[in-house]
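These notes are about the structure you will find just below.
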Amino acid sequence: MLISAGLALKIHPFGPQGVDATARPQLSAASKIIQVSTCNDNTYLLILRENEKPAIFSAKDKSNIRLIHTINVSNVTTLTFKHTTKKAIALGTKTGDVLIYDTKNRTVANTYPKISDEIKFLDFTANDKHLCGLDASTLLVITDLGANPSVKKYKQAVECVLMRCHPFVANRVAVGLSTHTVVLWDVQTGSELVSLGLGESPVSGIAMSSCGNYLVMCGDCIKIYGIDFVSGNHTFQFHVDMDSRVTCMDLSPDDRYVAIGLSNGSVRLYDVKQNMLMVSEARVHNEAISTLVFEHETFESNSHFSSMVKLSELDVKNRSGEEKSVKVAEGDDLEKFKNRVLKLVKCEMDRLESQLDEHCDKFQKFLDNEFEAIDSIISKKWNIFTDGDMNQIMKAICPEEARSSVD
Numbered sequence: 001m002l003i004s005a006g007l008a009l010k011i012h013p014f015g016p017q018g019v020d021a022t023a024r025p026q027l028s029a030a031s032k033i034i035q036v037s038t039c040n041d042n043t044y045l046l047i048l049r050e051n052e053k054p055a056i057f058s059a060k061d062k063s064n065i066r067l068i069h070t071i072n073v074s075n076v077t078t079l080t081f082k083h084t085t086k087k088a089i090a091l092g093t094k095t096g097d098v099l100i101y102d103t104k105n106r107t108v109a110n111t112y113p114k115i116s117d118e119i120k121f122l123d124f125t126a127n128d129k130h131l132c133g134l135d136a137s138t139l140l141v142i143t144d145l146g147a148n149p150s151v152k153k154y155k156q157a158v159e160c161v162l163m164r165c166h167p168f169v170a171n172r173v174a175v176g177l178s179t180h181t182v183v184l185w186d187v188q189t190g191s192e193l194v195s196l197g198l199g200e201s202p203v204s205g206i207a208m209s210s211c212g213n214y215l216v217m218c219g220d221c222i223k224i225y226g227i228d229f230v231s232g233n234h235t236f237q238f239h240v241d242m243d244s245r246v247t248c249m250d251l252s253p254d255d256r257y258v259a260i261g262l263s264n265g266s267v268r269l270y271d272v273k274q275n276m277l278m279v280s281e282a283r284v285h286n287e288a289i290s291t292l293v294f295e296h297e298t299f300e301s302n303s304h305f306s307s308m309v310k311l312s313e314l315d316v317k318n319r320s321g322e323e324k325s326v327k328v329a330e331g332d333d334l335e336k337f338k339n340r341v342l343k344l345v346k347c348e349m350d351r352l353e354s355q356l357d358e359h360c361d362k363f364q365k366f367l368d369n370e371f372e373a374i375d376s377i378i379s380k381k382w383n384i385f386t387d388g389d390m391n392q393i394m395k396a397i398c399p400e401e402a403r404s405s406v407d
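In UniProt numbering, the protein residues as written are 1 to 407.
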C-alpha cells in the first residue's frame, strides 16, 4: 500500500498497473499533514499535522483509520517509529529537544533537552542503534539512546533541507542541502563519503535502495545514481525531467517503484526496472501532496540467502572487492537482509505469475477460436450429408474426382 497525504490521508493499492486513484479520503481536516510514519507491521500510523500535537492511529482496517490517542507533547516538528518495534517513537521539537515516547505506557521514556536548535528531521539508523537528526545546519547523531546519550554533531557547509537513513546499511545517512546536493555520510566514522548534485533543483526527496545499489533524489527533476554505499563510488544513471514541482517521494520496499508527489495534488509512479517508465499519474488530492510513504512489507523468512541481489536493470556495478561489499556480519542485519531478498524474490515470482496468467488467457482464447472455426467447417460438411444431394456429397468426399467427372 502507498500512503499519500495533504489535508487528508489516503491509502492506495499499487502495482504494475499503477496507483489506485479511487481510495477514499480519511482523516480530513483544515490543517496539513506534514509527516506520516508507519510501524514495523503497518498496524499503526503516527501522524503530525501543522500546529497540532502528534497522534497515533490504528491502521489494522485500512478502510477505517481510527484515533488511538494523542501524544501530549507540544511544538513537535518531526517524528518517526523505530524500525524494529512499534513500542518506541522519536519526537523532535522546535526548542531542540529530542524525546523517546513509550507507546505501550503512553509516556515519555527519555528526554534529551536542547541538543540543538529546532529539529527538522529524525530517523533511526537501519539497526536502530543510533538516532539521527537534522537542524538548520547540523547533522546530529545520538549514539546511546539510554540515560547517558552521546551526541555527535557534524556541521554542514550550508543549510540542511532533508535527511534519510539507509533502510539496510547501518550508519549510512543521506543529507539534502540547499545547494541542490545530497551528501552521503558514514555516521560511525563521521566522514563524508560522496556529494551528489541535482543541478539547479532544490532537493525535495531522497530514497536509497534496500537490495540494490542506487540512490534516488528529486526536486524539479528525478536523478538516480548507482552507488556503492560502503565506499561511496558512484555513477550517474538516469535523469527524468518533471513538468510540475515535486513535493515528496518514496521508494517501494522491493526497490521496484518510485512514487512522486506533485504540487498539483497528483501522484506519479515510475518503474525502476523498466528504465523509469511512468506507470501511472493520477490526481488524488486537491492540494499539494505533502508526504508519500510506502508501507513496510512483512515476510517470514527461513532461507539462507547470503549474497547481495541487484534488483534494478540499471548499469550499476556490484563491487566484488572485500572492502567494497556491503557487510552483513551481524545476525540481526543478516536476517533483515534475508527478508529483503525474499521480498524481492516474491515480488518477481508474483510478476512472472501475472505474465503467465496473461499468456494462458491469450492461448485459451486462441484455442477457443480455432475450435469454433473447426466446428463451423464440420457443421457445413455435415449439412451436405443430411441434405442427401449426391453431387454435393461427392464433392465433399472426393473433390478432385467430382471435378474430373464433370469435365
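The C-beta atom is built at its ideal place from N, Cα and C for all residues, glycine as well.
Between Gly190 and Val141, the alpha-carbon positions lie close to 10 Å from each other.
Contact between Ala90 and Thr80 holds, with the beta-carbon distance rounding to 5 Å and staying under 8 Å. With contacts defined as CB atoms closer than 8 Å, Thr103 and Ala170 fail to qualify as a contacting pair.
About 19 Å separates the beta carbon of Leu262 from that of Val272, a gap too long to meet the 8 Å contact definition. Each of Phe121, Cys211, Lys129 and Phe236 was checked against the Cα of Ile222, and the nearest Cα belongs to Phe236. Judged by their CB atoms, Leu134 and Cys160 are nearer to each other than the 8 Å cut-off.
Residue pairing by DSSP places Ala259 opposite Asp250 and Leu269 in a beta bridge. Going by beta carbons, Leu162 and Ile115 fall outside the 8 Å limit. Taking each of Arg164, Lys120 and Tyr112 in turn and checking the Cα distance to Asn148, the smallest one comes out for Tyr112.
Non-local C-beta neighbours of Gly265 in its own chain, meaning closer than 8 Å and more than five positions away in sequence, comprise Gly6, Arg283, Val284, His285, Asn286, Glu287, Ala288 and Ile289, ordered along the chain. Residue state for Asp241 is assigned as strand, using DSSP reduced to three classes. Relative to Val158, the option among Val175, Ser137, Val240 and Val151 whose CA is nearest is Ser137. One Cα belongs to Gln35, the other to Gln26, and the distance between them is close to 15 Å. Per the DSSP secondary-structure output, Gly176 pairs in a beta bridge with Leu162 and Val182. Distance check between Ser63 and each of Arg24, Thr70 and Thr43 places Arg24 closest, using alpha-carbon atoms only. The beta carbon of Arg49 lies closer than 6 Å to those of Ser31 and Ile33 in the same chain, with the five residues before and after it left out. Within the DSSP bridge table, the entry for Cys221 names Asp241 as partners. Here Asn369 carries a helix assignment [DSSP, helix/strand/coil]. Contact between Ser201 and His180 holds, since their C-beta atoms are separated by about 6 Å, short of 8 Å. With 16 or more neighbouring CB atoms inside 10 Å of its own CB, Gly212 falls in the buried class.
If you compare the alpha carbons of Thr43, Ile68 and Val73 with that of Lys60, the shortest gap goes to Thr43.
In summary, Gln156 is buried, with 16 or more beta-carbon neighbours lying within 10 Å of its beta-carbon over all protein chains present. Counting only the Cα atoms, Cys218 lies some 23 Å from Ser231. The beta carbon of Leu99 is closer than 6 Å to those of Leu91, Val108 and Thr111 in its chain, skipping five residues each way along the sequence. In the structure shown, Met208 falls within a strand segment according to DSSP collapsed to helix, strand and coil. Counting the other Cβ atoms within 10 Å of the Cβ of Thr38 gives 16 or more, which makes it buried. Spatial neighbours of Asp241 in its own chain (CB-CB distance under 7 Å, excluding positions within 5 residues in sequence) are listed in chain order as Cys221.
Nearest C-alpha to Ser209 among Asp186, Leu198 and Val258: Val258. With fewer than 16 other Cβ atoms inside 10 Å of its own Cβ, Pro13 counts as exposed.
When DSSP reads this structure, Ala55 sits in a beta bridge with Ile47 and Thr70.
Assigned with DSSP and collapsed to three states, Met1 falls in coil, not helix or strand. Cβ contact annotation for Val279 (same chain, cutoff 6 Å, sequence separation greater than five): Gly18, Leu269 and Asp271, in chain order. Considering only Gln188, Tyr214, Ala174 and Ser204, the residue with the shortest C-alpha distance to Ser195 is Ala174. Taken atom to atom, the span from the alpha-carbon of Cys165 to that of Met249 is near 15 Å.
Between the alpha carbons of Val151 and Lys82 lies a distance of about 18 Å.
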